[in-house]
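Residue numbers (our numbering): 6 to 237. The next block holds one structure in the form of structure tokens; read it before the comments.
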Ligand code: DC
């Protein structure tokens, strides 16, 4: 058995990370980890309890009494919040904004670190988020940074929300995205940035299939290199 192979994908909201990460994991028969879902699940609980995103003490206590589990199944990754399956309840825009806001707190990030690393112990993995290549999996075998023009990202996010029957308009989706971009890039703990050694893909003009193809080429190249290094 070859040792597990780790693929980290980072990038801003709406770049299409989830679509390509899922497809890549399927092509390679790897596990898939959507780390945004963890922050979203915690945000849902904060919302239910009326905890403001600026209340650091309340967020600390929230982390201490919250259990988030991830289930890998045929239908993809499912998220359990204190035992409740919240996978389909965490996708809307209010939760996106709240997840981005609470993710700026160091204790929140620390609390979710072990859940993420535990998944990597189960086998080869495609993990997507904002700090995969910089903080959570700096040792990843391949790091990708997926980006696209802000207008294109807003459009993709709008279509995704429309598809799940959310009542949205393109302007507000664009504004939400800009707000999240600012929050995710400017926070002091684990901000979104291009990890050293990342393969950067601007997918503004590429289809998801084209992005996956480019990623598969790069992964194949690194796998061959790794095999060669082990044989030498
Ligand atoms: O990937 P996403 O849009 O589902 O993530 C929602 C928010 O969670 C995102 O705006 C910032 C935060 N997040 C993070 O800080 N670090 C990650 N690794 C993943 C998500």
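Where is the CB? At the ideal position from N, CA and C, for every residue including glycine.
Can you tell me whether residue i is helix, strand or coil according to DSSP?
i	result
residue 192	coil
residue 111	helix
residue 136	coil
residue 95	coil
residue 146	coil
residue 170	coil
residue 39	strand
residue 13	strand
residue 100	helix
residue 89	strand
residue 207	strand
residue 182	helix
residue 152	strand
residue 130	strand
residue 158	helix
residue 30	helix
residue 72	coil
residue 55	coil
residue 49	helix
residue 176	helix
residue 63	helix
residue 5	Not covered by the structure: residue 5. The range shown for the chain is 6 to 237.
residue 125	helix
Could you please give me the residues that DSSP links to residue i through a beta bridge?
i	result
residue 82	77
- Is the stretch 144-158 close to the stretch 38-57, with three or more CB pairs under 8 Å? no
- Mind listing which residues have their beta carbon within less than 6 Å of any non-hydrogen atom of the ligand DC? Chain order is fine. 18, 40, 41, 44, 45, 101, 104, 105, 108, 134, 135, 136, 185 and 189
- Would the stretch 172-188 and the stretch 112-128 be scored as touching if the rule is three or more Cβ pairs under 8 Å? no
- Query: Is the stretch 23-37 close to the stretch 213-222, with three or more CB pairs under 8 Å?
  - Reply: yes
- Message: Whether or not the stretch 229-236 and the stretch 43-55 are in contact is what I'm after, with contact meaning three or more pairs of Cβ atoms, one per stretch, closer than 8 Å; do they touch?
- Response: no
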